[in-house]
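Number of protein chains: 2
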Amino acid sequence: MRICFIGRVGPERLEEYRRAHAAVWPEMLEALRDTGWGDYRLYLSPDGLLVGTVETDNYAAAQQRMAATDVNSRWQAAMAEFFGASGRPDEQMTVLEEVFSLEDQLAALGLPTTRAAVPTPAGPNPRSDQ
Amino acid sequence: MRICFIGRVGPERLEEYRRAHAAVWPEMLEALRDTGWGDYRLYLSPDGLLVGTVETDNYAAAQQRMAATDVNSRWQAAMAEFFGASGRPDEQMTVLEEVFSLEDQLAALGLPTTRAAVPTPAGPNPRSDQ
């Protein structure tokens, strides 16, 4: 399933936050990948709202595995300045409730979850193309 | 790519909003699917922040195709009460900037984007299993 969480970045630190996340440490990327953070993405609004999405069957387990890595402790310490409040940024995120899933509702109604293939337009009849 | 957008639901209407989105009209579901809204999901925070995610190669085109459907006009009219401000809710969403993608950064570094397969533990040697 896809988890969505939100957090807050100090509005005066947005540019630094952006820069730090444009080139995350390779070791951190590999740790996220190997602890089950599937297709993890972060989005930022101009006022500092941070939204994260991650594909995982067990978000709590993925968080715990990541929290147990050495690189995560170093990364969170480096990121703490962006979040202002005390504590580690990865402990200040709020998971949101999913209130709609297009694919789940289509499936529950027995409807196809993907669009029917659009037929390739037929070419002109060769006999009329003279 | 995955688009992430945010909007606001009136805090006093959260329960009704939840209820309406727990069973969206089948015709609306099919229109979303057929106009290119891939794996479309909505998330709601307790204070009324609404987050949407959708997989699409061209969000503007998907919006335009959806806006041209008859069922969308009826749906947006029915939903307008949840959003308070004037206008259609689908015109009041703000697309957020993506500031991090785990898979894109792994790929840019030439690193595998999926975890290495964990070897299946070898069974006991049949000869020793006596």
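Read top to bottom, the protein sequences are chains Z and V.
Mapping the first sequence onto this note's numbering, position 114 (from 1) lands on 114, and the numbers just tick up by one.
Mapping the second sequence onto this note's numbering, position 70 (from 1) lands on 1070, and the numbers just tick up by one.
Every residue, glycine too, gets a C-beta built ideally from N, C-alpha and C.
Item	Value
L44 of chain Z: CB within 7 Å of a non-hydrogen atom of the ligand FMN	For the ligand FMN, the structure offers nothing, since it holds no ligand at all.
Neighbouring residues, chain V, relative to Y40 of chain Z (Cβ below 7 Å)	L1102
Residue-level contact to chain V via CB, T56 of chain Z, 8 Å cutoff	no
Neighbouring residues, chain V, relative to V51 of chain Z (Cβ below 8 Å)	C1004, I1006, V1051, L1096
Selection from V:Q1076, V:R1008, V:V1051, V:L1014 that minimises the alpha carbon distance to L1032 of chain V	V:Q1076
DSSP state of V99 of chain Z mapped onto helix, strand, coil	strand
Under the three-state DSSP convention, the category D1057 of chain V falls into	coil
Residue from V:A1116, V:T1069, V:G1052, V:A1117 whose Cα sits closest to the Cα of Q1092 of chain V	V:G1052
Amino acids of chain Z, ordered along the chain, whose beta-carbon sits closer than 7 Å to that of E1030 of chain V	L111
Interface partners of Q1105 of chain V on chain Z, CB under 8 Å	A23, V24, L29
Buried versus exposed, by CB contacts within 10 Å (16 or more), V101 of chain Z	Here the sequence assigns Ser to residue 101 of chain Z, which means Val is not the residue at that position. Buried, since its Cβ has 16 or more Cβ neighbours within 10 Å.
Test item: CB-CB of T1094 of chain V and S45 of chain Z under 8 Å	yes
Candidates V:G1048, V:Y1017, V:V1071, V:R1065, of which the one nearest L1008 of chain V by Cα	It should be noted that the sequence gives Arg, not Leu, for residue 1008 of chain V. Looking at the Cα atoms, V:G1048 is the closest of the given residues.
Test: R115 of chain Z CB closer than 8 Å to a CB of chain V	yes
Per DSSP, cross-strand counterpart(s) of T94 of chain Z	Z:I6
Residues of the stretch 67-79 of chain Z with Cβ closer than 9 Å to any Cβ of chain V, in chain order	none
Touching by the beta-carbon criterion (3+ pairs, under 8 Å), the stretch 32-42 of chain Z and the stretch 1099-1116 of chain V	yes
Backbone secondary structure at R1115 of chain V - three-state DSSP	coil
Per-residue burial, G1042 of chain V [other beta carbons within 10 Å of its own, 16 or more giving buried]	It should be pointed out that residue 1042 of chain V corresponds to Leu in this sequence rather than to Gly. Classification of L1042 of chain V: buried, given that the 10 Å Cβ count is 16 or more.
Per-residue contacts from Y43 of chain Z into chain V (C-beta, under 8 Å)	C1004, L1096, E1097, E1098, V1099
Euclidean distance between Cα positions of R1074 of chain V and E1012 of chain V	23 Å
Runs of alpha helix (DSSP H) lying entirely within the stretch 1057-1083 of chain V, each at least 4 residues, in chain order	1059-1067, 1070-1083
Helix, strand or coil at D39 of chain Z according to DSSP, with G and I counted as helix	strand
Neighbouring residues, chain V, relative to R18 of chain Z (Cβ below 7 Å)	V1099
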